[in-house]
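Okay, so the sequence shown: first residue is 3 according to our numbering, each after it adds one.
In this text, a Cβ means the ideal position worked out from N, Cα and C, and glycines have one as well.
Remember, it's a predicted structure, so these values are computed and weren't measured experimentally.
Notes follow the structure.
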Amino acid sequence: MPFSALTVLGSTGSIGVSTLDIVARHPDRYSVVALTANQDVDGLFKQCQQFHPAYAVMVDADAAQQLDEKIRQTGLETTVLSGAEALVTVAGLEQVDMVMAAIVGAAGLLPAFEAARCGKRILLANKEALVMSGHLFMDQVRASNAELLPVDSEHNALFQCMPEDFLPGREKASGVEKILLTASGGPFRMLPLEQFELVTPEQACAHPNWDMGRKISVDSATMMNKGLEVIEACWLFGLEVSDVQVVLHPQSIIHSMVQYTDGSVLGELGLPDMRTPIAHAMAWPERITSGVGHLDLFSVARLDFQPADFERFPCLSLAYQAWQTGGTAATVMNAANEVAVQAFLDKNIRFTDIAPVIEKTLEQCGSDDVHAIDTLLQADATARLSASELVQQTERPVLL
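What follows is the structure, encoded as structure tokens:
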């Protein structure tokens, strides 16, 4: 395998940290050119000390200044950049072979798009890039001959179970009938519906299987995360939503399955540790050690499955509807979700208010045809404004 130079977008988040763990295990294969974070000065500084990147980006200007002072005091030869435009710059650097796109939310769209434009190998953990930009992103990947490899555990599992010659972003693979997208069901899979209004951010962020950031943890609890993954799967694997079935699998051992026309169902099994799909995407088509232990089927003992309940998880239903509507609907949905989730985390609205804010935003904003990235950015901005107004109108503090 050739030596690869990386930019890690969102390096202080859980995906970024896991990516750098793989890099540290294989210094003969990987080097770090650029690391980026939003405001975590101490976290990014420690990473700079360990990996000596040429560039470090902090989106927040004050945080960038603090980091620059630390860098200069220690004599590291790392150039500190700031602002969202710097994310785009380091995603397209000539010396970079591979970009880990792990920035959460819409903020990751433009740098991921730049990585595609520059023909990089894109390790896609930021599902919002595909949810928002859809065919524009996939068209750019194909036009630039970029490599798009999914890092989400479910989509990476699906990729591993696809025919050997299949690449994400192409037409539906021959013989594939449907995919079974697994979901743990989050912390509230069995919670009585009447108790949902009492859910606190702390409870929503306590995922039973995975260690994730707060926003993604809430998305898992509402299953909007799975809704976004449905849309992502459609773009990656050339599917319609009718080809995607969400299956609740509380053990999170089977990460997803592909059903073939001959009756075969292929699944990928493993411990719930993101280093496995990250290592797979980084080394593909080879395999390297990830630091993840082997699955002991005897200790697992059983695997359970049940269909997803749209009444319990209305955000999942909204995602299916957004795909069917097309245009900017998924962009609007994603923006409204980010606003509503943050309002819930700030304890300004309740858990049960998240889906209604999204639904009303979709009604207010409608959907436009997408011909350029600017259309998406405008739809995103308009939806955020509408959702913020709806949050202010809704305001019902979380019950503690």
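Note: LYS72 is not bridge-paired with any residue in the DSSP secondary-structure output.
Exclusion of the five residues before and after LEU193 leaves VAL201 as the residues of its chain whose Cβ lies within less than 8 Å of its Cβ. Burial is judged here by how many other beta carbons sit within 10 angstroms of a residue's own beta carbon; PHE115 has at least 16 and is buried.
When C-alpha distances from PRO152 are compared across PHE307, LEU138, GLU130, the shortest belongs to GLU130.
Within 10 angstroms of the beta-carbon of ASP221 lie 16 or more other beta-carbons, which makes it buried. Take GLY240, set aside five residues on each side of it, and the residues of its chain with a beta-carbon closer than 6 Å to its own are GLU173, LYS174, in chain order. Spanning the alpha carbons of VAL243 and ILE356 requires a straight line of approximately 23 Å. TYR57 is bridged by DSSP to ALA36, THR81.
At a Cβ-Cβ threshold of 8 Å, GLN253 and LEU182 do not count as neighbours. By the 16-neighbour rule on beta-carbons within 10 angstroms, ALA118 is buried. Counting C-beta pairs closer than 8 Å gives fewer than three between the stretch 342-359 and the stretch 264-279, which falls short of the contact rule. Assignment of ARG123 by DSSP, reduced to helix, strand and coil, places it in the strand class. By the C-beta criterion, the stretch 309-320 is judged to be in contact with the stretch 224-231, since at least 3 inter-stretch pairs fall below 8 Å. Of all alpha-carbon atoms in ALA206, GLU156, PRO165, VAL249, the one lying nearest the alpha-carbon of GLY272 is that of GLU156. About 7 Å separates the Cβ atoms of MET259 and CYS163, confirming a contact at the 8 Å cut-off. Cβ-Cβ separation between MET102 and LEU125: approximately 5 Å, consistent with a contact (criterion under 8 Å). Between ALA127 and ILE17, the CB-CB gap stays under 8 Å. Here THR14 has ALA39, ASP42, GLY45, LEU46 as same chain residues with Cβ atoms under 6 Å from its own Cβ, once five neighbours each way along the sequence are excluded. Under DSSP, GLY269 shares a beta bridge with MET259. For the options ALA208, GLY215, THR291, GLU196, the alpha carbon positioned closest to that of PRO29 is the one of THR291. THR76 and SER20 have their alpha carbons spaced roughly 25 Å apart. Annotation for GLN326: the continuous alpha helix (DSSP H) segment containing it runs 316-327.
In the three-state reduction of the DSSP assignment, GLN67 falls in the helix class, which pools H, G and I. Under the three-state reduction of DSSP output, THR184 falls in the strand class. Its Cα nearest to that of SER33, the residue ALA56 stands out among ALA56, LYS48, LEU11.
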